[in-house]
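In the numbering used here, the protein residues as written are 2 to 38.
Cβ coordinates follow ideal geometry from the N, Cα and C atoms, glycine included.
See below:
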């Protein structure tokens, strides 16, 4: 069964994707070879 998303749900998914992409971009600026936790 195919479940359709409402325009509001699609916009929330897009916003979540943008937030995730921004977080990954920030992490990539901080991560360097040799850094340990």
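Cβ shell of residue i (< 8 Å), same chain only, five flanking positions each side left out
i          : result
residue 14 : 6
Spatial distance of residue i from residue j (CA atoms)
i          : j          : result
residue 20 : residue 34 : 25 Å
residue 18 : residue 38 : 27 Å
residue 2  : residue 36 : 47 Å
Helix, strand or coil at residue i according to DSSP, with G and I counted as helix
i          : result
residue 8  : helix
residue 15 : helix
Residue i beta carbon near the ligand GTP (any heavy atom closer than 8 Å)
i          : result
residue 16 : For the structure depicted, the ligand GTP is absent and the ligand set is empty, with no information on it obtainable.
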